[in-house]
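Sequential numbering of the sequence shown, starting at 39, is according to this note's numbering.
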Amino acid sequence: MAFLHTEIVRFENALADYEGHEFGRAPSRTLSLGADWAIRPDVTLAGTVRYTDAYFSDDTNATALLIDAHTVADARVTWTPREDLSLFAYVNNIFDDRSVTNLRSLQGSLQGTVVDPRSVGVGLKMTF
């Protein structure tokens, strides 16, 4: 859990006045919660949930560049049949959240970045 308060207290520029504005890309609250559960001695289930509060994309604090709060969840299951061998499967962004994470205004239009889409995978880990 993290709490953040940002404020531009002094800004000297003839073109804009940002005093009192929040820093861009600085959410006031973030929260990450993760857990591992050993279902059996050789099987582990893990999950992570990350929450990011709303924030502005840049220091102008323009309403058009306000990013909504969003939450992303991931999960993983690991089977370890031997000490030196693990097989795992994972799903990142389980609910396929497509929240915008950054916006910028360019020549009268908005360009944005979104949360990485859901990804599903399997893997093998060997140590020797």
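Think of the CB as a built atom: it goes at the ideal place given N, C-alpha and C, for glycine as much as any other residue.
A Cβ-Cβ separation of about 5 Å places ARG156 in contact with ASN131 under the 8 Å criterion. Around the C-beta of GLY161, fewer than 16 other C-beta atoms lie within 10 Å, and the residue is accordingly described as exposed. Take ALA40, set aside five residues on each side of it, and the residues of its chain with a beta-carbon closer than 6 Å to its own are THR68, in chain order. Here LEU123 is exposed, its C-beta having fewer than 16 other C-beta atoms within 10 Å.
Counting only runs that start and end inside the region 78-112, there is no alpha helix (DSSP H) element of at least 4 residues. When secondary structure is reduced to three states using DSSP, ARG63 falls in the coil class, being assigned neither helix nor strand. In the displayed model, MET164 falls within a strand according to three-state DSSP.
DSSP, reduced to helix, strand and coil, places GLY72 within a strand of the structure shown. Per DSSP, reduced to three states, the secondary structure at ARG48 is coil, with no helix or strand assignment. Partner residues in the beta bridge of LEU141, as assigned by DSSP, are GLY150.
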